[in-house]
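*Asks:* One line per chain: the protein sequences are A and B, in this order.
Be aware that the first sequence starts at 1, since it is given in my numbering, and climbs by one per residue.
Be aware that the second sequence starts at 1001, since it is given in my numbering, and climbs by one per residue.
Just so you know, even glycine gets a beta-carbon here, dropped at the ideal spot from N, CA and C.
Every value quoted in this text rests on a predicted model; they were computed, and no experiment measured them.
Here it is, the structure, as structure tokens.
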Amino acid sequence: MSRIAGCFEQLKAQGRKALIPFLTAGDPNLETTLSLMHALVANGADIIELGFPFTDPTSDGPVIQRAVERALATNTSLKGVLETVSRFREEDDTTPVVLMGYLNPVECMGYQKFTDAAVASGVDGVLIVDMPPEESHDLEEIIHRTALDGIFLVAPTTSDARVSYICKQSSGYVYYVSLKGVTGAGNLDIESVKENLARVRANTDLPVGVGFGIKDATSARLISEIADAVVVGSALINNIEELDASKHYSREELQRHISLIKEMRDAMDA
Amino acid sequence: MSESKVLHGEYNSPDEHGHFGPYGGIFVGETLMPALDELNRKYAELKADPAFWAEFDYDLKHYVGRPSPLYFAERLTNKLGGARVFLKREDLNHTGAHKVNNTIGQALLAKAMGKTRIIAETGAGQHGVASATVAARLGLECHVYMGVEDIKRQSANVYRMKMLGANVVGVDSGSCTLKDAMNEALRDWATNVDNTYYIIGTVAGPHPYPMLVRDFQSVIGREAREQCIELTGRLPDTLVACVGGGSNAIGLFYPFIPDESVAMVGVEAGGHGLETGEHAAPLCTGQPGVLHGNRTYLMNDENGQILDTHSISAGLDYPGVGPEHSWLKDLHRATYTSVTDDETLEAFRMLTRVEGIIPALETSHAIAWVMKEAPKLPSDHIIIVNLSGRGDKDMHTVAEIEGMTL
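Laid out in structure tokens, this is it:
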């Protein structure tokens, strides 16, 4: 069983929901990212979505755009991100890591080389935000020969026919984008999320995660009541924006920058 | 598809999924997939409707002022002393460039789809002006995304857009130019997808944009083909156009693709010279990758990060290119080359003085190629240059280079 499936199975047995923080790898540098990953797990993260930077993140709002700019300022590459996952695995062999990003860095590395490196470094899932299932054939064919999960997005605009098609292509979990717009935007409409999750669940037994626009412990708890996983990105990154690339931070020092994760965890488990 | 099939008139691109060979396609976040599907279906329906094209033709004739002339540049020809040079005068269109052909077509689509809000990205401001113009004409709300760097160098067009009632949104992320304006327009579209129509200004972006922008711009090549036969009794030998995203070039080239004897040359922005890395010439120097919804030749580093580009002309300052150009390059049906900023300025001055036509700096790239190549060609060789836009918008840039303030 993959780490992702195992993680959801265990949570289910405990009657809990998954908390999935998103970090832009290399913000402000990869050393700090590694420490943040461990600190996130210590504070209640179940799975980590690790964004590899791309200059033109068209699905992201200003918070993640700035995170990407900081990561690129310290020359963070996809290769460096994969090496960071390897180093994370030296200490943590259980927490699933999902790589998330845009296609061009993957194309540039080559699909086979990327997949081999992802497997070797201990990555569990891959989510390419600008690669809809229609364009995913070549990469998915390679990924499906490995234990990696291929994760896809469902949006509020997705038709029923497409929901079914996307669910068939997905493994690991399905990521439901809770609003029309970019990451970190707007306010959540819980009723709309509820209706759309029902559409997804009608098509798959996979766990369903919800992300985009989950800002605080209250919204995390509300979403955890209807979804299997809560994804938080921009709200978390807001609190690590002030980290300095030239400084070294201990995990304890990073604690106060990720207190949101502990608050969300407590609210979700209450 | 093999090269010989293309040359024997079987060119039929893109396929139903928007692929031009390995290029094109649809690479966007899921939120936009249904909107692109809706656009694709609506366009397929209208494309088959003669009434749609009748309305398009009517607007082009009575509002844009088409057909644009094919003008024999006799003094330029004599001065260069080689091939006969004809200029396809897209600069004479309403709003001053070829861009309006496309915005007229897409405005009809927006209207048919019941959208009330128009967004657009712009580099030189010509597409922004052309979008603001059709929005004003239809009474639609219009927001134009433009890099703050381009707002500085194209201030005249910024003011025109504002006069037309558009909201010009400055984009200060990344390199603050056309690429970043397109990022921001895509974000706006994902947020306001229910009521918003995104008028992409070039033959790039996700399917069906490269196809539909080409179809609307092809009026350039269809007219030029007829006009050339009428004026000279035969087809031209060489077509030349500048290539940024590549809409004016595709517009001229597309109707000639089956005509094996007609050579096609796309001229990219060589900036300070290809060897300096400071240019915007992905077809000359780049490799295939994915940006802004399509697979195409790109300028990126060894990690797949998009590189900053440089060109004297804001409209060519873009690290990608329309996917059909990538395909035509690989098929060797068109060739792509570049000229530098300096050669461009020289061409700008020469056409202005010799023919009394002030070309846009974008267009001046095509003229610069003609200045270099026409003298080497025989006097019975016919070149058609797409004179894609007028240079009024560039007065500030050129004056600044010449040490003057306006």
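Taking only beta-carbon atoms, is Q1305/B less than 9 Å away from chain A?
*Replies:* So, interface residue.
*Asks:* At which residues does the beta strand (DSSP E) containing I1199/B begin and terminate?
*Replies:* Looking at the DSSP string, the run of the beta strand (DSSP E) that includes I1199/B is T1196 to I1199.
*Asks:* If you measure beta-carbon to beta-carbon, which residues of the stretch 166 to 183 of chain A are closer than 8 Å to chain B?
*Replies:* From the stretch 166 to 183 of chain A, only I166, V177, K180, G181 and V182 have a Cβ closer than 8 Å to chain B.
*Asks:* Compute the Euclidean distance between the alpha carbons of Y1159/B and A1132/B, then round it to the nearest angstrom.
*Replies:* Approximately 11 Å, taken between the alpha carbons.
*Asks:* Taking CB distances under 9 Å as the criterion, tell me whether D116/A reaches chain B.
*Replies:* So no, D116/A is outside the interface.
*Asks:* State buried or exposed for R256/A, treating a residue as buried only when at least 16 other CB atoms are found within 10 Å of its CB.
*Replies:* Exposed.
*Asks:* Let me know if R1041/B comes out buried or exposed under the rule of 16 or more other beta-carbons within 10 Å of its beta-carbon.
*Replies:* The residue in question, R1041/B, is exposed, as its Cβ has fewer than 16 Cβ neighbours within 10 Å.
*Asks:* Find the nearest neighbour of G1233/B within the set R1225/B, L1239/B and V1290/B, judged by alpha-carbon distance.
*Replies:* Of the listed residues, the one whose Cα sits closest to G1233/B is R1225/B.
*Asks:* Going by Cα to Cα distance, which pick from P1050/B, I1384/B and R1390/B is closest to V1265/B?
*Replies:* The shortest Cα separation from V1265/B among P1050/B, I1384/B and R1390/B belongs to I1384/B.
*Asks:* Could you pull the start and end residues of the alpha helix (DSSP H) that P62/A belongs to?
*Replies:* Here the alpha helix (DSSP H) through P62/A covers P62 to A73.
*Asks:* Spell out the partners DSSP gives L1298/B in its beta bridges.
*Replies:* Answer is Q1287/B, bridged to L1298/B.
*Asks:* So, are the CB atoms of K1099/B and L1252/B less than 9 Å apart?
*Replies:* No, the pair does not count as a contact, with Cβ atoms beyond the cut-off.
*Asks:* Taking the straight line between their C-alpha atoms, what separation do you get for D130/A and D138/A?
*Replies:* Cα to Cα, D130/A sits roughly 15 Å from D138/A.
*Asks:* Using a C-beta to C-beta distance shorter than 7 Å, which residues of chain B count as neighbours of Q65/A?
*Replies:* Simply S1173.
*Asks:* Using alpha carbons as the reference points, say which of N196/A, A42/A and E253/A lies closest to E263/A.
*Replies:* Ranking N196/A, A42/A and E253/A by Cα distance to E263/A puts A42/A first.
*Asks:* Could you check how far apart the C-beta atoms of G1082/B and L1377/B are, in whole angstroms? I think they sit under 8 Å.
*Replies:* Contact holds; Cβ gap of about 5 Å.
*Asks:* Near L1274/B, which residues of its chain fall below 8 Å by C-beta distance, leaving aside the five closest residues on each side in sequence?
*Replies:* Cβ within range, chain order: A1281, C1284, T1285 and S1338.
*Asks:* Work out the CA separation of P1323/B and M1371/B for me, nearest whole Å.
*Replies:* About 28 Å.
*Asks:* If I follow the unbroken beta strand (DSSP E) through I1026/B, where does it start and stop?
*Replies:* Here the beta strand (DSSP E) through I1026/B covers Y1023 to F1027.
*Asks:* Establish whether the CB of V193/A and some CB of chain B are separated by less than 9 Å.
*Replies:* No, V193/A does not count as interfacial toward chain B.
*Asks:* Using a Cβ-Cβ cut-off of 9 Å, state whether L1039/B counts as contacting chain A.
*Replies:* With 9 Å as the cut-off, L1039/B does not count as an interface residue toward chain A.
*Asks:* Please confirm whether D60/A and D1180/B have their CB atoms less than 9 Å apart.
*Replies:* Not in contact: D60/A and D1180/B (Cβ atoms no closer than 9 Å).
*Asks:* Among Q1126/B, S1175/B and T1196/B, which residue has its Cα nearest to the Cα of A1035/B?
*Replies:* Answer by Cα proximity: T1196/B.
*Asks:* Please list the segments of the alpha helix (DSSP H) lying wholly inside the stretch 1234 to 1262 of chain B, counting only runs of 4 or more residues, in order along the chain.
*Replies:* Counting whole runs of 4 or more residues, the stretch 1234 to 1262 of chain B contains the alpha helix (DSSP H) stretches 1247 to 1253.
*Asks:* Note down, in chain order, every chain B residue with its Cβ under 9 Å from the Cβ of R274/A.
*Replies:* Only positions 1 to 270 of chain A appear in this structure, which leaves residue 274/A out of reach.
*Asks:* For the alpha helix (DSSP H) containing F88/A, name the first residue and the last one.
*Replies:* Where F88/A is concerned, the enclosing alpha helix (DSSP H) stretches over L78 to E91.
*Asks:* Return helix, strand or coil for I1383/B, following the three-state DSSP convention.
*Replies:* Three-state DSSP puts I1383/B in a strand.
*Asks:* I want to know whether the stretch 27 to 34 of chain A touches the stretch 68 to 87 of chain A - three or more CB-CB distances under 8 Å.
*Replies:* A contact exists between the stretch 27 to 34 of chain A and the stretch 68 to 87 of chain A.
*Asks:* So, is the C-beta of Y111/A closer than 9 Å to a C-beta in chain B?
*Replies:* Not an interface residue.
*Asks:* Determine the extent of the alpha helix (DSSP H) in which E195/A is found, giving its start and end residues.
*Replies:* That run of the alpha helix (DSSP H) goes I190 to R201.
*Asks:* L254/A touches chain B at which residues, Cβ-Cβ below 9 Å?
*Replies:* Those within 9 Å of L254/A in chain B number zero; the least Cβ separation is about 26 Å.
*Asks:* Quick one: grab the DSSP three-state call for H1279/B.
*Replies:* Note: H1279/B maps to coil in three-state DSSP.
*Asks:* When we look at the beta-carbon of C7/A and count the other beta-carbons within 10 Å, is it buried (16 or more) or exposed?
*Replies:* With 16 or more Cβ atoms within 10 Å of its Cβ, C7/A is classed as buried.
*Asks:* What does I1026/B touch in chain A if you count any residue whose Cβ is under 7 Å from its own?
*Replies:* Ordered by position in chain A, the residues that pass the 7 Å Cβ test against I1026/B are P132, E134 and E135.
*Asks:* Provide the residue span of the beta strand (DSSP E) that contains Y1336/B, from first to last.
*Replies:* Here the beta strand (DSSP E) through Y1336/B covers T1335 to V1339.
*Asks:* Rounded to a whole number of angstroms, what is the C-alpha to C-alpha distance between E252/A and A39/A?
*Replies:* Going from the Cα of E252/A to the Cα of A39/A covers about 8 Å.
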